[in-house]
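Q:
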Amino acid sequence: MSNVSQLPSRKVSDKSQQILERNSRFIPGGMASVNRRTSQTLAFARGAGAYLWDVDGNRYVDYHAGFAPYILGHNDPDQQAAVNQSFADQLSNFGSGPTEQEGELAELFLQCVPTAERVQFLNSGSEATAQAIRVSRAATGREHVILIQGSYNGNQNVVAANLMDSVEMLGGRQAAGGEYPLNPITAGIPKGEAALLHPVEFNDLEAVENIARRYEIAALITEPVLQNIGIVKPDPGYHAGLRRLADHYGFKLIFDEVKTGFRAALGGYQAVCGVTPDLSTFGKAIANGFPIAALAGKTELMELAMSSDATRRVLIAGTYNAHPVTVSATLACLRKLADPELDVYGYLDRLSERLTDGLAECFDRHGLTATVVRQGSAHSFYFLPEPPRNWWEIISGHNFALDAKLRSLLIERGVYYFPTPTKQGSISFAHTAEDIEFTLQMMDDAIGSLNNA
Ligand SMILES: Cc1ncc(COP(=O)(O)O)c(C=O)c1O
């Protein structure tokens, strides 16, 4: 186990800042995804297993996992071999006709997620969620959509709203049984489209029912566990309640499993909670960092892509859908995740439990009021006395400044949590018990230095 006093000294030059400045001459913001911008700029050069190295050569135990995909770890050797083999086999993105590999992947996917009947492969979670809503609209002939405050469902017009709103943006109150004001997270959404979106609080069935009575709802989309604002779990019976309301009012229930899929369990969170959505979307951990997403669900909905009725047919098409390199990497990932001998999920659970128990003990030892929340291999911490049930409880109670400070102190100590308050930590199959003990030591040291500051 590492010892704090033996930590190698870390050298941080201005190289990261220079890269940002150079890139900014060509790319607005200096990087390809605005969500990657952080208060302290750190440019990484490589990743292997559980570790990242920055451009100065400093090593970090990584819990960001590239926003959660890396469930096996960075540059997994089995995926590398599969990708190399795809080149050796001269697979190409033929763009004409079926391929054996996409069928193989679909079959394996449906074995892993038996609650889904059909699957289609796309390139990003944002595409998948937008398509899920489009399919729901085509199936129901309705247009209104219920969104959940704090659920991130991608960058498209139909979902890009109400993520980490301030108390003021929410109207200064919790919307129990009610609808929040729509707060888009992007400019450029036409008013007509925005008027079709109805954000309500997580764990508030009454609010969903109120909206469903007032509007012709096509779909409700939610992350089954909110994992873009830390980890916010459903109350017992919440998902079953959503299912009942969807059936009663005739709207489609969409679970956005882009984060929970293949991370909460092989079968997604739907396997954990025992509630089957009409449609669900997958991305991230399905391919351990390769760009693929899946839209899956009931046959009658998924087959709308092939409807003979042109007024109901949904266009699901894409030049790079099921790209052979990505499919090869995804097959390698799912085979590993599904391998009973490897017991990936058992291993992740044990490690994750040790980490979250240790973090809770550490906060307690230092007299900090904190709650550590875990869902499988994902975890988060809040400076709140109880696990939050919704975004309101976080924004109105959590100590964001302390959260940010702690993340920054951990980064200085070689532990990388994304430096934005509440963002989830994710463990990979490449993490070891030693990594966890090192992390706990660093957390202890970081909190100690907070107290001394
Ligand atoms: C739950 C959820 N849905 C959808 C998305 C969008 O996926 P992508 O970034 O692949 O477009 C994300 C991305 O973070 C996500 O966390």
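First residue of the sequence shown: 2, per this note's numbering; consecutive thereafter. The C-beta atom is built at its ideal place from N, Cα and C for all residues, glycine as well.
#1: Quick check: the Cα distance between Asn-94 and Gly-74, rounded to an integer number of angstroms?
#2: Suppose you measure from the CA of Ser-6 to the CA of Ala-69; what does that come to, to the nearest Å?
#3: For the putative contact between Ile-255 and Asp-279, defined by C-beta atoms under 8 Å, what is the C-beta separation to the nearest angstrom?
#4: Could you spell out the range, first to last residue, of the alpha helix (DSSP H) harbouring Leu-455?
#5: Ligand 1 and Asn-158: does the residue's C-beta get closer than 7 Å to at least one heavy atom of that ligand?
#6: Look at Val-136 and Leu-148 and say whether their C-beta atoms are less than 8 Å apart.
#7: Can you say whether Phe-88 is buried or exposed, counting buried as having 16 or more other CB atoms within 10 angstroms of its CB?
#8: Tell me which residues share the same chain as His-199 and place their Cβ nearer than 6 Å to its Cβ, disregarding the 5 neighbours each side in the sequence.
#9: By how many angstroms is the C-alpha of Ile-428 removed from the C-alpha of Ala-66?
#10: Can you tell me which residues form a DSSP beta bridge with His-199?
#11: With DSSP run on the structure shown, which of helix, strand or coil describes Lys-424?
#12: Run the proximity test for Asn-154: is its beta-carbon closer than 7 Å to any non-hydrogen atom belonging to ligand 1?
#13: Checking the sheet assignment: what are the DSSP bridge partners for Arg-119?
#14: Any chance the CB of Ala-333 is under 7 Å from a heavy atom of ligand 1?
#15: Please state whether the Cβ-Cβ distance between Ala-333 and Asp-79 is less than 8 Å.
#16: On the criterion of 16 or more Cβ atoms from any shown chain inside 10 Å, does Gly-290 qualify as buried, or is it exposed?
#17: Just the C-alpha distance for Arg-143 and Ile-134, rounded to the nearest angstrom, thanks.
#18: By Cβ distance below 7 Å, which residues in the same chain neighbour Pro-185 in space, the five residues on each side in sequence not counted?
#19: Taking buried to mean at least 16 other C-beta atoms within 10 Å of its own C-beta, is His-432 buried or exposed?
#20: Determine the direct distance from the alpha carbon of Ser-125 to that of Ser-329, and round the result to whole angstroms.
#21: Ligand 1 heavy atoms versus the CB of Lys-406: any closer than 7 Å?
#22: Quick check on DSSP: helix, strand or coil for Pro-70?
#23: Consider the C-beta atom of Val-259 and the heavy atoms of ligand 1; say whether any pair is separated by less than 7 Å.
#24: Need the endpoints of the alpha helix (DSSP H) that Pro-406 sits in, please.
#25: Jot down the residue ranges of each uninterrupted alpha helix (DSSP H) in the region 15 to 99, minimum 4 residues, whole runs only, in chain order.
#26: Of all the options Ala-46, Glu-105, Gly-104, Glu-103, which has the alpha carbon lying nearest to the alpha carbon of Asn-76?
#27: Return helix, strand or coil for Tyr-418, following the three-state DSSP convention.
#28: If contacts are defined as beta-carbon pairs under 8 Å, then Asn-204 and Arg-390 qualify, I think. What distance do you get, rounded to the angstrom?
#29: At what residues does the beta strand (DSSP E) containing Asp-248 begin and finish?
A: The structure says:
#1: 26 Å
#2: Because the pLDDT of Ser-6 is 46, which lies under 50, any placement of that residue in the model is unreliable, and the question is left without a value.
#3: 7 Å
#4: Given that the chain is displayed from residue 2 to residue 454, the structure contains no residue 455 and the question cannot be resolved.
#5: no
#6: no
#7: exposed
#8: Ile-147, Glu-180, Ile-212
#9: 8 Å
#10: Ile-147
#11: coil
#12: yes
#13: Gly-298
#14: no
#15: yes
#16: buried
#17: 10 Å
#18: Ala-161, Ala-162, Ala-195
#19: buried
#20: 17 Å
#21: no
#22: coil
#23: yes
#24: Correcting the residue identity first, residue 406 is Lys in this sequence and not Pro. Taken as a continuous stretch (DSSP letters only), the alpha helix (DSSP H) holding Lys-406 covers 401 to 413.
#25: 16 to 25, 78 to 89
#26: Ala-46
#27: coil
#28: 5 Å
#29: Here Asp-248 belongs to no beta strand (DSSP E); instead the alpha helix (DSSP H) covers 239 to 250.
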